[in-house]
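Enquirer: Chains as they are written, first to last, in the numbering used here: chain D, 1 to 222; chain P, 223 to 489.
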Amino acid sequence: MELKFILEAILFSAQKALSLKELRDLLAATATAENAEDAARPFKKTSEETLLAALEQLQKEHADAARSYRLACVAGAWQFVTQPEFSPWLIALVGQKNRPTRLSQPALETLAIVAYRQPITRAEIEQVRGVAVDGVMQTLLERGLVEQTGRAEVIGRPALYGTTPIFLEYFGLRALEDLPAADELRRIVVEKPETLLTTDPGLATAPPEQLNESPAEPADVM
Amino acid sequence: MSEYKVKFEVFEGPLDLLLHLIKKDEVDIYEVNLTTLATQFIEYIEVMRKLDLEIAGEFLVMASTLMFIKSRELLPVDQQVEVEDEDDTEDPRWELIRQLVEYKKFKDAAAQLQVFELEQENIFPRVPGKLDFAAVRAVARPEVSIFDLLNAVNAILKRVHQRDDPRDIFDDKWSVSEKIEYLIKLISEKSRVKFSDLFGDATSRSEVVCTFLALLELIRLKQLSCVQGEHFGDIDITRAAPQSLAPENSVGEIEGAPAPILNPQLN
C-alpha cells in the first residue's frame, strides 16, 4: 500500500491536524500491534523525511487536481482545509468562524517586527517603529501571539520576545521560514548610496568657496 | 469651523507620517529632499496643533531631528564642528533614511500579514465526527425481559436467604422510595451498573425485594433500562434515553402511594 494514501486516509479521519511525529508514531503503533496486518508492517520505522516527502507529494496531487479542498500544513501539523473561495457556503453551513477580532495596524506592524527579528527586546521594536509599543505588546501577549522567550544579556536584562505556534496558526503559516521575504527582512542591510541628495539647491547655502570669498560673511560664524 | 468635518489621517508615529509625505511627493526614499521634508513635517505638526490634536512626544523628537538636519545643511561642510569619532553611521541624514527604509519594509510585511489574516478567516479545516464504535454496539444489545430480571433476583434471593440468620430480629429499615433515590444516585455517579452489584451489600431478603421493586418502578417510569451483553451474562443497568419525566417527580409520585401497599406483602 502506498504511504501517501495511508496518510491521506489518516488525515481524512483525524480529529485535529497531525504533526510528522504523531503520524510516525501512529504508523509505528499500527505496525507493532499484536494483530498487525501484513500491510502495516513495512511502515514500522518510517522516517519523518519520508513522511514529509509523501505528504508533499499528496499535497501536490491535490493541488494539481484543483479540488475545493487542499492539504495544508500549519505550524508543522497537517490537515485538510477548504479553499477560501468556498467560504460563503461554509459560513452558511457552520456559521461565521469564531475568530478573535482582527488585529489593528499597529499590532500587525509590531507583530511583523517581532516575527522577523525574534528574539527582540521592546526597546529594539520601538527603535524600528519610532513609537512606544507597550499597549500593543500587551495585546499581542494576551492573545498568545507573542511570548517572552528569555532575557537579553545586556544591562538591565530586558525581556526578549518571540512568536508562538498560535501566531503561525493565526496566519496559516507552516513555519517561520514561510514568512514572505524572510531572508531579506531578518537583518536588513540598507546600502548607503554614494551621495545623499538631501539638500535643495535653493535652500542650501552657497558653496563654501563663495562664502570664504565674501567679506560680508566672516568666519566668525563659528 | 464646526460645520466642516475634517478627516484627518491618523499616523502611527512620526515615521509613518514621514513615509506618507514621501509617498505623496512620489520620490524614492533614498532621493528624498530632507530639508523639504522637514518643512512639510513641521507644517503638518502646525496643522495638528491648530486642530487641537494631541501631539505625541515622538513627533516633537522627530521635528527636532529634522531641524537639526536642516540646520546642518545650512552650514558649509568645512565650517561644521568636527565631532570626534564621527563615522558614516552617525550622519543624522543617513540614520533617518536607514530608519525610514527599515520601517517601510516592516510596514509592507504587516500588510502581507493582514492579507494572510483575511485569507485564514475563509479557510475551514475538515473536522470529521468522532469515530465511535462503542456507541453502535450498545444500541444493538437486546433489552432484558421481566422474566430475565425475575430469574436474576431469584438467584440473589437464594444467596441472601442462605446468609439470613433466623435468630436475628430487626426492623424493616428500607422503603421502596429510599431505594429509588439510592438507585438514581448510583446511576448518576456511574453510567453503568451491574445488576448483581445492586445487591452486593444487601443484608436481608426484604432489602433485596425493596431494591428490586425500586428497580422495576424506575424501569416502568423509563428512567433506567436493562441490557444483557450476552446470553446468561450479567445484566447491566444504564440510564434510559432522556424522558420528559424528571427523576425528582417520579420519586415524589410513588412515595405516598405504592410503598405502604408493598410493605405488607414483604412481611
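Where a beta carbon is used, it is the ideal one built from N, C-alpha and C, also for glycine.
1) Give the residues from the segment 235-256 of chain P that approach chain D closer than 7 angstroms (Cβ to any Cβ), ordered along the chain.
2) Would E268/P and F171/D qualify as a contact pair, given that the criterion is a beta-carbon distance under 8 angstroms?
3) How big is the Cα-Cα spacing for A132/D and Q262/P?
4) Using three-state DSSP, classify Q262/P as helix, strand or coil.
5) On the DSSP letters alone, give me the boundaries of the alpha helix (DSSP H) that K292/P sits inside.
6) Comparing alpha-carbon positions, which option in E2/D, E34/D and V94/D lies nearest T50/D?
7) Could you compute how far the alpha carbon of P54/D sits from the alpha carbon of K4/D?
8) In angstroms with no decimal places, state the Cα-to-Cα distance between T257/P and L296/P.
9) Answer with yes or no whether the minimum CB distance from E266/P to chain D is below 8 angstroms.
10) Going by alpha carbons, who is nearest to R461/P out of K416/P, A424/P and E429/P?
11) I want to know whether the segment 160-176 of chain D touches the segment 118-130 of chain D - three or more CB-CB distances under 8 angstroms.
12) Listed from N- to C-terminal order along the chain, which residues in the segment 324-342 of chain P have their beta-carbon within a distance smaller than 7 angstroms of any beta-carbon of chain D?
13) With a threshold of 7 angstroms on Cβ separation, who are the neighbours of A360/P within its own chain once the five nearest residues in sequence on each side are excluded?
14) Taking Cβ positions only, does K229/P come closer than 8 angstroms to chain D?
15) Using a Cβ-Cβ distance under 8 angstroms, would V114/D count as near chain P?
16) How would you list, in chain order, the residues of chain P whose beta-carbon sits under 8 angstroms from the beta-carbon of P84/D?
17) Less than 8 angstroms between C-beta atoms, sequence neighbours within five positions excluded: which residues of the same chain meet that for R151/D?
18) Pull up the distance between the alpha-carbon of F43/D and that of A28/D, whole angstroms please.
19) Looking at the secondary structure, which residues open and close the alpha helix (DSSP H) in which L3/D lies?
20) Compute the minimum distance between the beta carbon of P100/D and the heavy atoms of the ligand FMN, and state whether it is under 7 angstroms.
21) Enumerated in chain order, which unbroken segments of the beta strand (DSSP E) with a length of 3 residues or greater are wholly contained in the segment 26-95 of chain D?
22) Could you compute how far the alpha carbon of H242/P sits from the alpha carbon of E48/D?
23) Give a yes or no on whether the C-beta atoms belonging to S107/D and T139/D are separated by under 8 angstroms.
24) Label V398/P either buried or exposed according to how many other C-beta atoms from any shown protein chain fall within 10 Å of its C-beta, with 16 as the threshold for buried.
25) What would DSSP say about P314/P, mapped onto helix, strand or coil?
26) Below 8 angstroms on the Cβ atoms is my contact criterion, and I expect Q83/D with E234/P to pass it. Report the Cβ-Cβ distance as a whole number of Å.
27) Please state whether DSSP places K16/D in a helix, a strand or coil.
28) Note down the Cα distance separating W89/D from L23/D, rounded to an integer number of angstroms.
29) Pick from L288/P, L379/P and Y266/P: whose alpha carbon is nearest that of T433/P?
30) Taking 7 angstroms as the limit between beta carbons, can you name the residues of its chain near Q57/D, skipping five residues before and five after?
31) Relative to the C-alpha of L237/P, which residue among F281/P, M270/P and D250/P is closest?
Expert: Quick look at the numbers:
1) G235, P236, L237, Y252, E253, N255 and L256
2) Here residue 268/P is taken as the residue at index 46 of the second sequence, counted from 1. Here residue 171/D is taken as the residue at index 171 of the first sequence, counted from 1. The answer is no: Cβ separation not under 8 angstroms.
3) Walking along the first sequence from the start, residue 132/D turns up at place 132. Walking along the second sequence from the start, residue 262/P turns up at place 40. In a straight line, the C-alpha of A132/D is about 23 angstroms away from that of Q262/P.
4) Within the second sequence, the letter at position 40 stands for residue 262/P. Q262/P falls in the helix class under three-state DSSP.
5) Your numbering for residue 292/P matches position 70 in the second sequence. Looking at the DSSP string, the run of the alpha helix (DSSP H) that includes K292/P is G279 to L296.
6) In the first sequence, counting from the first residue as 1, residue 50/D sits at position 50. For the residues E2/D, E34/D and V94/D, the minimum Cα distance to T50/D belongs to E2/D.
7) Stepping through the first sequence from its first residue, residue 54/D is reached at position 54. Stepping through the first sequence from its first residue, residue 4/D is reached at position 4. Note on residue identity: the sequence assigns Ala, not Pro, to residue 54/D. Taking the straight line from one Cα to the other gives about 5 angstroms.
8) What you label residue 257/P is simply residue 35 of the second sequence in a count that begins at 1. What you label residue 296/P is simply residue 74 of the second sequence in a count that begins at 1. Their backbone Cα atoms lie some 10 angstroms apart in a straight line.
9) For the purposes of this step, residue 266/P is taken as the residue at position 44 of the second sequence. The amino acid occupying residue 266/P in the given sequence is Tyr; Glu does not appear at that position. Output row for Y266/P: interface = no.
10) As a first step, residue 461/P must be located in the second sequence, where it is residue number 239. The option with the nearest alpha carbon to R461/P is K416/P.
11) yes
12) Going along the segment 324-342 of chain P in chain order, one finds E324, Y325, K327, F328, K329, A331, A332, Q334, L335, Q336, F338, E339, E341 and Q342 with a Cβ nearer than 7 angstroms to chain D.
13) Your numbering for residue 360/P matches position 138 in the second sequence. Low per-residue confidence applies at A360/P: pLDDT is 44, beneath 50, and the placement is therefore not dependable, though the value from the model is reported in the following sentence. Here the set comprises nothing.
14) Translated into positions along the second sequence, residue 229/P becomes position 7. Only weak support is given to the placement of K229/P: the predicted model assigns it a pLDDT of 44, under 50, and the question is left unresolved by the model.
15) For the purposes of this step, residue 114/D is taken as residue 114 along the first sequence, with counting starting at 1. Closer than 8 angstroms: no.
16) Start at 1 with the first residue of the first sequence, and residue 84/D comes out as number 84. Here the neighbours are E341, N344 and I345.
17) If you number the first sequence from 1, residue 151/D lands on position 151. Counting only residues of its own chain and dropping the five nearest sequence neighbours on each side, R151/D has a CB closer than 8 angstroms to the CB of R157, P158, A159 and L160.
18) Locating residue 43/D in the first sequence gives position 43, counting from the first residue. Locating residue 28/D in the first sequence gives position 28, counting from the first residue. So the two alpha carbons sit approximately 7 angstroms from each other.
19) Taking the first sequence and counting its residues from 1, the one referred to as residue 3/D is at position 3. Residues L3 to S13.
20) As for the ligand FMN, it is missing from this structure, which has no ligand bound.
21) With a minimum length of 3 residues, the continuous beta strand (DSSP E) runs that stay inside the segment 26-95 of chain D are 69-74 and 77-82.
22) Reading the second sequence from its first residue, position 20 is the one you call residue 242/P. Reading the first sequence from its first residue, position 48 is the one you call residue 48/D. If I take the Cα positions, the gap works out to 48 angstroms.
23) The residue given as residue 107/D occupies position 107 in the first sequence. The residue given as residue 139/D occupies position 139 in the first sequence. What sits at residue 107/D in the sequence shown is Ala, not Ser. Yes, these two residues count as a Cβ contact at 8 angstroms.
24) The residue given as residue 398/P occupies position 176 in the second sequence. By the 10 Å Cβ count, V398/P comes out buried.
25) Along the second sequence, one-based indexing puts residue 314/P at 92. P314/P falls in the helix class under three-state DSSP.
26) Counting from 1 along the first sequence, the entry for residue 83/D is found at position 83. Counting from 1 along the second sequence, the entry for residue 234/P is found at position 12. About 34 angstroms; that fails the 8 angstroms criterion.
27) As a working mapping, residue 16/D is identified with position 16 in the first sequence. Coil, per DSSP.
28) Counting from one through the first sequence, the residue named residue 89/D turns up at place 89. Counting from one through the first sequence, the residue named residue 23/D turns up at place 23. Looking at the two C-alpha atoms, the distance is approximately 31 angstroms.
29) Here residue 433/P refers to the residue found at position 211 when the second sequence is read from its first residue. Residue L379/P is the option with its Cα nearest to T433/P.
30) On the first sequence, residue 57/D is found 57 positions in, with the first residue counted as 1. Only K4 meet the Cβ criterion.
31) Numbered from 1 along the second sequence, position 15 holds the residue referred to as residue 237/P. It is F281/P.
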